[in-house]
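Numbering (this note's numbering), first residue to last: 191 to 443.
Glycine residues also receive a C-beta, built at the ideal position from the N, C-alpha and C atoms.
Predicted, not measured: the structure shown is a model, and the values here were computed from it.
Written below as structure tokens is the structure these notes are about.
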Ligand SMILES: NC(=O)c1ccc[n+]([C@@H]2O[C@H](COP(=O)([O-])OP(=O)(O)OC[C@H]3O[C@@H](n4cnc5c(N)ncnc54)[C@H](O)[C@@H]3O)[C@@H](O)[C@H]2O)c1
């Protein structure tokens with residue numbers, strides 16, 4: 191299914207944990223040079239070491255995607271170290287806690303979630319796209335969620351931000367479709383990652399209840415989101431842009 195990404199440079203925000211790490215490792219396995227852009231140094235250096243141990247190439251750039259200067263430095267470092275940017279996976283995100291109904295939702299949490307999940311994706315695209323335009327090619331995958339395609343309880347900012355990610359994905363897809371840049375979104379249901387572990391907080395009854403909402407009868411694996419992401423960045427997806435792809439074990443059916 192996947193092609194080799196040898197000679198490509200792939201940047202993954204939040205590439206030090208969960209989905210981002212699985213995506214970074216998958217690109218490296220297929221030969222891409224990988225830029226891990228994330229806040230936490232220890233997890234990021236560990237991911238870089240995993241890639242290098244496997245014979246791949248990777249660097250870490252400490253980045254807060256909600257900070258313009260950090261995002262500019264992220265792209266500049268990628269270009270300085272590897273000379274090009276072919277693929278950008280704008281994956282960094284937070285769930286926003288406490289998760290409570292809208293009337294109880296804290297304004298500070300709202301602003302933080304929108305800042306990271308939505309403005310962060312916008313800022314990344316704003317500085318990634320010019321580098322891609324300079325070479326007339328590029329693929330962007332933005333991490334949305336089934337929470338970007340349907341509503342749900344106790345996460346107003348998360349639902350809003352993930353719907354917004356699909357909006358900004360479609361806008362950019364149209365703007366740059368005739369200039370060699372494809373922009374798509376991935377919309378996972380519940381995938382076993384540290385974010386989900388935090389949300390369940392050991393509540394097995396809640397875990398089983400949520401599992402039952404996935405017709406395949408289980409949660410997803412980070413590698414299953416990685417393979418969808420790699421396909422969207424492959425030549426096989428050359429005619430696919432502006433798409434919000436559910437990777438959800440049938441949850442939205
Ligand atoms: N796990 C799921 O079930 C699921 C489902 C749908 C969508 N998602 C989305 O997938 C993405 C990855 O989530 P995950 O489950 O791997 O969670 P995770 O907590 O394991 O990873 C999130 C990553 O984003 C990074 N991050 C957070 N804020 C950042 C910031 N301001 N700047 C830079 N990096 C930042 C974290 O450090 C971490 O590396 C998120 O956007 C999340 O909303 C996850």
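In this structure the stretch 355-371 does not touch the stretch 297-304; the number of beta carbon pairs closer than 8 Å is below three. DSSP, read as helix, strand or coil, puts residue 415 in helix. Assigned with DSSP and collapsed to three states, residue 378 falls in strand. According to DSSP, residue 329 shares a beta bridge with 277, 372. Per DSSP, the continuous beta strand (DSSP E) segment holding residue 249 begins and ends at 248-252. By the neighbour-count definition (other C-beta atoms within 10 Å, threshold 16), residue 261 is a buried residue. Taking a 10 Å sphere around the C-beta of residue 258, we find fewer than 16 other C-beta atoms and assign the residue as exposed.
DSSP lists 227 as the beta-bridge partner residues of residue 203.
Note that the C-beta distance between residue 416 and residue 213 is below 8 Å. For residue 203 and residue 391, the gap between their C-alpha atoms comes out near 25 Å. A Cβ-Cβ distance of about 7 Å is found for the pair residue 318 and residue 330, placing them in contact under the 8 Å criterion.
With a cutoff of 7 Å, residue 209 counts as near ligand 1, since its C-beta is closer than that to a heavy atom of the ligand.
Residue 386 has no beta-bridge partner at all, per DSSP. Residue 289 carries a coil assignment under DSSP once its states are collapsed to helix, strand and coil. Shortest gap from the CB of residue 204 to any heavy atom of ligand 1: under 7 Å. Exposed is the label assigned to residue 406, since fewer than 16 other Cβ atoms lie within 10 Å of its Cβ. In the DSSP assignment, residue 435 is bridged to 376. Inter-residue distance for residue 381 and residue 252 is about 25 Å (C-alpha atoms, whole angstroms). Check the Cα spacing between residue 385 and each of 281, 273, 324, 226: the tightest is with 281. Distance from the Cα of residue 401 is smallest, within the candidate group 441, 346, 420, for 441.
Ligand 1 has no heavy atom closer than 7 Å to the beta-carbon of residue 258. Under DSSP, residue 410 takes part in a beta bridge, and its partners are 381. In this structure, the C-beta of residue 342 stays at least 7 Å away from each heavy atom of ligand 1. Scanning 325, 420, 328, 357 for the CA closest to the CA of residue 338 turns up 357. Remark: the shortest separation between the CB of residue 282 and any heavy atom of ligand 1 falls under 7 Å. Judged by DSSP secondary structure, residue 398 falls within the alpha helix (DSSP H) whose first and last residues are 394-401. Less than 8 Å separates the beta-carbon of residue 377 from that of residue 334.
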